[in-house]
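Residue numbers (our numbering), protein chains in the order written: chain A, 55 to 540; chain B, 2 to 481.
Beta carbons are placed, not taken as given, at the ideal position from N, Cα and C, and that holds for glycine.
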Amino acid sequence: MSELTFTPVIGIEIHIRLKSDSKIFCSCSTNTDAPANTNICPVCMGLPGSLPHLNHRVVEQGMLAGMALNCGIRPKSLFFRKSYFYPDLPKGHQISQCDLPITTSGYIEVHDSEGNLKKIRVHHLHLEEDVGSLHHSASDGRLEGADTSYVDYNRSGTPLAEIVSEPDVASAAEAVEYVTTLRRRVIYSGASDVELEKGMMRFDANVSMKCSDGRWGRKVEVKNMNSFKALERAIEYEIKRQKKIMLSGGEVIQETRHWNDSKGVTTGSRLKEFYRKFIVEPDLPPLYISQEWVNRVRARMPEMPDVRANRYVSEMNLPREVADFITDDKNLADYFESCVKAGANPVRAAHWVRTEVLRVMNEKQLKIQNFMITPEVLAGLVNRVDEGKLSTTQGKEVFDYMCANNCGVDEAVKNLGITEGGVAGSALDEIIKSVLAANPDVLNEIKSGLDKKGKKLKFLQGLVMKESKGQAKPQEVAEAIANAVK
Amino acid sequence: MELYELSLYHLTEGLKAKKFSPEEVYESCKKRIDSCEENIHAFITRTDEIAKSQLQEDNSGILAGVPTVLKDNLCTKGIRTTAASKILGNWRPPYNASAWNYLRSAGAVLMGKVNMDEFAMGNTCGNSAFGATHNPNDLSRVPGGSSGGSAAAVSAGYVPFALGSDTGGSIRQPAAYCGVYGLKPTYGMVSRYGLISYGSSLDQIGPFARTVRDLQIVMSVIAHYDPMDSSCFREKNYDFTHHENVSIKGKKVALVKEFQDFTLDPAIERAMKKTQEILQEEGAELVEVSLPVVSKYAVACYYALAMSEAHTNLERYDGVRLGYTVKDAAGIKEMFERVRSYGFGPEVKSRIIAGTCLTEPERCEQYYVAATKVRTLIAQEFTKAFTQTDFILQPASPEMPPLIGSQDDDAMKGYQADLYTLPVNLAGLPGLSFFTGYYGDLPVGLQLIGPRWSDPAILEAGLVIERHTGTPEIANEGVK
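Laid out in structure tokens, this is it:
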């Protein structure tokens with residue numbers, strides 16, 4: 055009997071916080087770091103009598119995110135009430151576009167196990183509101199068993215996009231590439247900052263297994279993954295778990311399982327999943343989006359990272375690997391492009407950004423947006439090195455000085471005692487003269503033809519370089535000494 | 002004549018001309034309330050002192066110094082708002098309903114929050130956690146509902162006007178039962194922001210008063226665009242000022258063909274005939290329109306939608322943020338269960354359960370979704386009817402106000418009685434409940450319906466009819 059093989063069939067649901075100053079259905083600030091329950095109003099508290107009104111800025115953010123996933127914008131979408139009881143959900147229902155979303159039918163490209171490009175279809179992206187956050191007094195931080203629980207509604211009503219893929223993902227690696235690429239494109243679109251450490255991206259995965267003997271396992275929904283790593287591990291764990299069950303002839307039950315990140319396992323829910331039903335949100339009219347509005351938003355859509363990387367390769371002659379690296383972070387790529395725009399040679403600028411800029415960013419834990427050297431200033435420095443006014447070593451010295459002292463190129467050069475353009479001409483002649491005068495024996499040896507291997511000549515060149523504090527060009531020094539000893 | 006007896010119009014004119022002071026008006030109304038309230042029980046919360054302090058504020062609005070009351074499902078900042086339910090406990094909203102803000106800005110002062118059926122579910126004002134309100138025309142009878150407190154307060158002369166809300170007839174039926182005028186405006190004409198929702202797509206705030214002119218004055222204040230209510234999408238202003246030389250000459254008024262077979266109370270039958278005579282005398286043409294879908298399916302459609310929306314609107318009452326709560330529950334689930342089991346009254350519970358069943362995944366298509374489709378047909382049927390007529394005349398209720406307690410066992414009978422009012426909510430139309438005269442000691446009211454946004458025209462037609470019927474008298478049965 056041939057060995058059984060299993061193919062994972064995986065769909066991924068992603069929640070992303072959309073970037074907006076105000077909440078989706080009221081004008082409260084979206085700053086969730088504010089003291090608890092300070093950014094709230096009757097609407098996001100779900101107080102009796104309050105009504106939601108749609109923030110059109112959030113709609114545009116949703117459109118941008120959808121465009122970043124190659125989705126089409128629907129001319130009419132609806133809001134629904136998704137009912138369940140939980141203390142962090144003030145109205146007892148969440149307003150969500152679950153049944154008739156704003157954008158549909160997109161895709162994201164990833165590489166399969168053989169390295170070929172494949173499309174993961176995006177079923178849709180819809181808008182919805184986030185819930186409040188709970189703080190429990192129980193030692194394990196859970197609601198069940200807690201003596202007292204506190205609710206902070208600052209997050210309630212902050213705008214979310216839920217992105218639902220088709221079950222096209224076949225491995226944990228594909229899943230990670232899918233969410234990584236998706237995240238990068240959404241950041242590029244400006245729809246969200248998707249800061250992972252702030253919980254702005256949360257994942258659920260629907261995992262089932264197809265066996266080569268024709269058996270299909272039931273679908274298991276795995277929840278509670280908040281990082282790429284957790285998503286990867288949870289999927290890997292679930293694939294293994296389901297495979298084991300099916301190999302032993304058992305049946306995978308359809309259920310919702312929770313990922314326990316510290317234990318590295320998924321566990322079946324102790325609580326039965328809350329019963330959900332949808333009715334049309336009667337307090338919000340259908341959302342109509344005209345082609346004209348779509349066009350206006352599309353005009354704001356920046357170049358996507360893959361297109362940008364291709365341009366760097368074809369127009370700027372950047373190596374593919376460098377282009378991919380720089381475009382991975384939109385802000386870094388923006389910095390790089392500003393540097394090029396200011397006149398720097400692209401290949402040289404890319405090198406500087408990748409090595410020196412990133413090094414200092416890491417050392418000082420800085421974001422590129424807050425980097426002390428503007429791209430224009432960096433371009434000036436790159437050019438001076440390129441033109442030979444500064445040696446590479448000097449360039450790096452100047453760069454570090456500028457970072458440490460927050461100053462410009464000129465000031466750094468001056469304070470470092472560097473003579474720009476190096477020591478040359480009469481200054482160089484002076485040095486050579488004094489070096490020769492101080493080493494008459496060596497000079498005589500050379501003149502009498504004893505320095506056959508040129509070692510003595512090199513010795514003199516070294517002394518001159520040292521005297522010039524490295525600011526003379528070795529080539530010029532060599533020539534000048536050769537002339538002087540003739 | 003006592004000041005409390007004055008119509009809103011005469012009151013504002015008198016105040017403007019300084020014939021009397023706002024304090025005198027206040028004292029007169031307060032005295033009237035004191036003399037009747039024990040028997041009528043219209044109030045859930047009296048706010049005499051708040052009204053007094055509001056009188057001190059400088060205001061030159063058109064309602065400056067006019068006392069009013071609000072149905073207790075309209076949020077009032079810092080003042081207990083209950084929706085006649087135990088579940089809201091002593092909740093004091095941190096904000097005002099927009100409609101109340103508009104009245105307040107125009108100078109109205111608040112005498113109190115008045116009784117209603119819990120969460121506006123009912124048509125007797127008997128489903129209240131605060132006890133029943135009595136009809137000021139006959140204390141043994143219901144004032145109608147759900148805005149029974151508002152209708153009773155205006156009828157008994159407590160205040161010249163009041164606000165209520167109408168989801169399936171809750172303004173028009175109590176107005177008819179109590180012998181006052183009541184307008185259910187076009188859906189979207191008055192902001193619902195701050196109105197505690199029952200069926201959001203059906204709810205509408207509207208005024209009660211003792212003259213049609215008074216309704217016009219109130220509408221001119223509360224028909225106001227409000228960005229806080231997305232269903233309030235009025236783009237132009239509506240003119241409620243025409244009251245002289247108004248006419249319905251040449252207008253068409255229709256009776257609904259399918260309704261002619263239904264049995265009406267003789268008093269209402271007689272009022273229908275009398276009103277038709279008045280309309281003809283005024284030069285209107287009587288026609289007939291056919292509303293087959295409405296007559297057959299409106300009641301089922303209405304309750305399917307209202308209950309489906311209601312059960313989600315009531316999901317927010319969980320004891321977490323406001324109102325009644327329990328502190329000794331073993332867990333969150335027990336807390337929800339106990340809060341909701343104790344907090345809601347029986348009628349509300351039955352509608353929550355019905356709404357939950359109607360929207361269950363396996364039944365949703367068959368009931369909730371089907372009802373939304375029928376609703377579209379009903380709206381289309383009215384649109385077509387209004388190409389054939391300007392107004393539709395029909396009862397506000399098939400029966401006269403029943404005795405208190407007589408209906409308690411037969412909820413379905415109560416639902417069926419709403420056939421004349423609830424199609425108007427399904428189609429978002431305006432409906433005026435108007436006084437036609439007395440039958441014995443009881444007032445008889447009827448209803449005039451128009452196409453969407455025809456609120457000013459309906460009121461003008463009401464003015465024409467009022468010229469023949471005269472205005473209702475203030476009901477005195479409540480006086481001790």
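Shown here for T69 (chain B): same chain residues with a beta carbon closer than 8 Å to its own, the five before and five after excluded, namely L104, A109, V110, L111, M112, V160, P161, F162, A163, L164 in chain order.
Proximity of the stretch 84-100 of chain B to the stretch 331-346 of chain B meets the contact definition, three or more beta-carbon pairs being nearer than 8 Å. Linking A229 (chain A) to H180 (chain A) through their CA atoms gives a straight-line distance of about 20 Å. Around the beta carbon of I405 (chain B), 16 or more other beta carbons lie within 10 angstroms, which makes this residue buried. What G146 (chain A) touches in chain B, judged by beta-carbon distance under 7 Å, is E316, R317, D319, going in chain order. In the DSSP assignment, F435 (chain B) forms a beta bridge with B:L447. Using a Cβ-Cβ distance cut-off of 8 Å, the stretch 215-229 of chain B and the stretch 189-198 of chain B are in contact, since at least three pairs of beta carbons, one from each stretch, lie closer than that value. The C-beta distance from H147 (chain A) to T46 (chain B) rounds to 29 Å, too long to meet the 8 Å contact threshold. Burial of M99 (chain A) is indicated by the presence of at least 16 other C-beta atoms within 10 angstroms of its C-beta. Within the same chain, and ignoring the five residues on either side of R256 (chain A) in sequence, the residues whose Cβ sits closer than 6 Å to its Cβ are H69, N280. Using a Cβ-Cβ distance cut-off of 8 Å, the stretch 264-273 of chain B and the stretch 364-378 of chain B are not in contact, since fewer than three pairs of beta carbons, one from each stretch, lie closer than that value.
In this model, E467 (chain B) and L7 (chain B) are separated by some 17 Å (Cα to Cα). T384 (chain B): member of the alpha helix (DSSP H) spanning 371-389, first to last residue. Around the beta carbon of I354 (chain B), fewer than 16 other beta carbons sit within 10 angstroms, so the residue counts as exposed.
Per DSSP, reduced to three states, the secondary structure at Y161 (chain A) is strand. Going by C-alpha positions, L184 (chain B) is about 15 Å away from G150 (chain B). Where H69 (chain A) is concerned, the enclosing beta strand (DSSP E) starts and stops at 60-71. Residue range 274-279 is occupied by the beta strand (DSSP E) that includes N278 (chain A). The beta carbon of P429 (chain A) lies closer than 7 Å to those of Y389, S392, C393, A396 in the same chain, with the five residues before and after it left out.
In the DSSP assignment, C457 (chain A) falls within the alpha helix (DSSP H) that extends over 446-459. With respect to chain B, the C-beta atom of H107 (chain A) has a partner C-beta closer than 8 Å. Burial is judged here by how many other beta carbons sit within 10 angstroms of a residue's own beta carbon; D73 (chain B) has at least 16 and is buried. Within the same chain, and ignoring the five residues on either side of L105 (chain A) in sequence, the residues whose Cβ sits closer than 6 Å to its Cβ are D337. Taking the beta carbon of A98 (chain B) as reference, the chain A residues within 7 Å of it are G103, listed in sequence order.
At least one C-beta of chain B is nearer than 8 Å to the C-beta of L338 (chain A).
Taking every protein chain shown into account, the CB of Y182 (chain B) has 16 or more other CB atoms within 10 angstroms, so this residue is buried. Cβ-Cβ separation between N93 (chain A) and C82 (chain A): approximately 5 Å, consistent with a contact (criterion under 8 Å). Rounded to the nearest angstrom, the Cβ distance from Y204 (chain A) to H189 (chain A) is 5 Å, consistent with a contact under 8 Å.
Counting along the chain, the unbroken beta strand (DSSP E) around K264 (chain A) starts and ends at 255-265. Residue environment for G66 (chain B): buried (at least 16 other C-beta atoms within 10 angstroms of its C-beta). Distances from the alpha-carbon of R93 (chain B) to those of B:N102, B:I80, B:H11 put B:I80 closest.
Against chain A, the CB of E310 (chain B) has a partner CB under 8 Å away; the residue lies at that interface.
Take the alpha-carbon of S147 (chain B) and the one of G320 (chain B): they are about 25 Å apart. Separation of the CB atoms of A255 (chain B) and V295 (chain B) is rounded to 13 Å, and the pair is thereby denied contact status at 8 Å. Here M121 (chain A) carries a helix assignment [DSSP, helix/strand/coil]. Listed along chain B, the residues sitting closer than 7 Å to R135 (chain A) by beta-carbon distance are T313.
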